[in-house]
Amino acid sequence: MEGNLLISRKSSPVHSSVALDQPRPQEIFDNMLEKKIDICFIGGIIMDMTSYMDAFPKPGETKVGHRFEAGYGGKAANQAALAAKLGAKCAMVARVGDDANGRSYIDHFRSLGINVNNIRTSDKSSTGAANIWVDDSGMNCICVILGANLDMTKQDILDAEDTIAASAAVVIGLELDIDIAHFAIQIAGKHKVQCLLNAAPMPKDMHEDFFCIPDVFNVNESEASIATGIAVTDAESAKLAARHLVEKKHCKTVIITLGENGAVFGSNDGAQFVHVPTDPVKAVDTTGAGDAFCGALAFFWAKYPDLPVETIVKKCCDVATMSVLKPGTQASFPSREELPEGFIPA
């Protein structure tokens with residue numbers, strides 16, 4: 001595939017897209033290398049309460065499970081943990097409750113080397129929590145109480161503006177008030193920071209800025225279905241959805257994850273949309289696999305902007321695949337030392 005540097009039809013003038021089989025322009029590369037922080041993550045912090053069972057209970061049924069575990073979760077927080085474990089300098093902008101879970105999470109992030117200066121404590125709500133069920137096939141069902149995540153304010157984003165501006169890339173999730181996420185995207189655009197939107201959970205209606213400002217729009221198949229009205233069930237329907245997001249929603253680069261079927265990506269450069277398969281494995285726990293993908297995407301996007309995007313997407317699929325081989329969320333994420341030699345460029 002051949003591609004060019006193009007400006008999206010409705011994109012901010014400070015953002016541009018680039019063909020997915022080509023490195024990004026040198027001026028973007030140089031600017032990213034000058035930053036003090038690799039990645040700033042803005043989004044949810046959630047404590048995971050996970051129950052493992054042979055099969056999910058039916059309505060009204062009581063099941064006896066195998067095991068219970070409590071751990072650290074939240075989409076943006078998971079992504080930050082993965083990127084930090086791979087070696088990125090990360091910062092987190094979020095809210096926790098004034099409770100033991102919130103304090104434990106901040107200590108956990110400190111242990112990973114993540115900057116916690118912009119994690120605020122809410123006096124109105126408890127730290128977010130998720131009840132997770134995992135069956136013997138590794139599939140999961142999740143009920144999330146967002147709690148303090150919904151207490152984040154525009155002032156929290158403004159307080160973190162210097163951190164955002166000092167970052168090579170910013171990753172924004174939607175486990176917070178949608179207006180605050182919108183404001184964060186605008187601040188990232190103001191400072192010409194490479195912006196990756198993980199549009200999860202996907203609301204039914206989003207301002208056009210959510211599509212056209214971010215440099216990367218990353219969703220899974222169900223979220224892509226909501227955003228486009230196209231039932232995404234396989235790679236071919238994912239390509240149709242990705243094309244719709246580029247041509248109708250004016251996204252610059254779209255990456256749709258497909259679980260065990262890998263990912264589809266494409267951009268507004270006119271090149272074809274590509275399916276990247278993943279290696280089949282027997283999953284133990286799929287919880288957080290999408291976050292592992294997005295965290296790896298942020299890592300390679302920020303640290304190695306000269307890598308072709310198809311190479312990055314393949315590496316992200318590999319990291320996500322490794323994460324499903326162990327139980328838990330962040331506990332299942334591979335560290336840099338656990339990856340094959342040469343997986344991360346020198």
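Each residue of the sequence shown is one higher than the one before, starting from 1 at the first, in UniProt numbering. Quick reminder that beta carbons are idealized off the backbone N, C-alpha and C, glycines included.
Can you find the residues in the same chain that come closer than 8 Å, C-beta to C-beta, to Thr163, ignoring five residues on each side of it along the sequence? Ile37, Cys40, Ala91, Val93, Asn115, Asn117, Asn118
Closest residue to residue 408 among Gly342, Lys326, Ser335 (Cα-Cα distance): Here the chain comprises residues numbered 1 to 346, so residue 408 is not present and cannot be evaluated.
Give the secondary structure of Leu150 by DSSP, where H, G and I count as helix, E and B as strand, and everything else as coil. helix
Can you determine whether any heavy atom of the ligand PLP sits closer than 6 Å to the C-beta of Pro280, and answer yes or no? Here there are no bound small molecules, and the ligand PLP is not part of this structure.
DSSP state of Ala91, grouped into three classes? strand
Could you pull the start and end residues of the beta strand (DSSP E) that Thr50 belongs to? 46 to 52
Out of curiosity, what's the CA-to-CA distance linking Phe299 and Leu86? 7 Å
Use the C-beta contact count for Asn4: other C-beta atoms within 10 angstroms, 16 or more gives buried, fewer gives exposed. For Asn4, the predicted structure reports a pLDDT of 30, less than 50, and the residue's modelled location is therefore unreliable. The matter cannot be settled from this model.
Coil, strand or helix - Val309 by DSSP: helix
If you run the structure through DSSP and keep just helix, strand and coil, what is Phe217? strand
CB of Val170 within 7 Å of CB of Ala148, strictly: no
Stretch pair the region 47 to 54 + the region 244 to 258: three plus CB contacts closer than 8 Å: no
How many angstroms separate the CA atom of Ile180 from the CA atom of Thr228? 23 Å
Following the continuous alpha helix (DSSP H) through Gln194, name the residue where it begins and the one where it ends. First-last for Gln194: 194 to 198, but that is the beta strand (DSSP E), not the alpha helix (DSSP H).
Please report the Cβ distance between Asn78 and Asp291, rounded to the nearest whole angstrom; I am assuming they are in contact, meaning their Cβ atoms lie under 8 Å. 4 Å
Counting only the same chain and skipping the five closest in sequence on each side, list residues whose C-beta sits under 8 Å from that of residue 364. This structure cannot speak to residue 364, because the chain is shown only from 1 to 346.
Report yes or no: do three or more beta-carbon pairs, one from the region 265 to 278 and one from the region 122 to 131, lie closer than 8 Å? no
Could you tell me the alpha carbon to alpha carbon distance between Phe211 and Ala271, rounded to whole angstroms? 19 Å
Which residue from Val64, Gly97, Ala81 puts its Cα closest to that of Ala289? Ala81
For Asn101, three-class secondary structure by DSSP: helix
Cα-Cα separation between Phe217 and Asn268, rounded to whole angstroms: 12 Å
Alpha carbon to alpha carbon, what distance is there between Leu245 and Lys239? 10 Å
Quick one, which of Asp136, Asn131, Ile178 has its alpha-carbon nearest Lys154's? Ile178
Is it the case that the Cβ atoms of Arg120 and Asp156 are separated by a distance below 7 Å? yes
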